[in-house]
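For the sequence shown, this note's numbering begins at 60 and goes up steadily by one.
Every residue gets a Cβ at the ideal spot worked out from N, C-alpha and C, and that includes glycine.
Quick caveat, the model's predicted, so the values are computed rather than measured.
I have placed the structure first, in the form of structure tokens, so that the comments after it can refer back to it.
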Amino acid sequence: MKKISHDFNEESIEAKVRWFRALPLSEKKVTQSDGRIRKWAKILEVGKYLRVILLEDGETVHNAFFDRSYKEE
Numbered sequence: 060m061k062k063i064s065h066d067f068n069e070e071s072i073e074a075k076v077r078w079f080r081a082l083p084l085s086e087k088k089v090t091q092s093d094g095r096i097r098k099w100a101k102i103l104e105v106g107k108y109l110r111v112i113l114l115e116d117g118e119t120v121h122n123a124f125f126d127r128s129y130k131e132e
């Protein structure tokens, strides 16, 4: 399991933790100017894209949420 930063919403961890397995199969990866990494992975069981923000170490999860604005390329 990935590490989780203190800024991550504790209440949503249980709902999303099993989907983190999809991150190695992410469809898109962007490194922000602050060094944080954004990844998107399609979660087939719900038909939505999970957007995960990782800290600079590439392991610590800063935030995760379903990205309603993500468009497949």
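Next on the checklist: Give me, in chain order, the residues of the same chain whose beta-carbon lies closer than 8 Å to that of VAL105; leave out the 5 immediate sequence neighbours on both sides.
Outcome noted: PHE125
Checklist entry - Taking only runs of the beta strand (DSSP E) that begin and end inside the segment 90-127, which ones reach a length of at least 3 residues, in chain order? => result 96-102, 107-113 and 120-125
Next on the checklist: Per the DSSP calculation, LYS88 is bridged to which residue(s)?
Outcome noted: According to DSSP, LYS88 bridges with LYS98.
Next on the checklist: Using only the alpha-carbon positions, how far apart do ASP116 and SER85 sit?
Outcome noted: Going by the C-alpha atoms only, they are around 17 Å apart.
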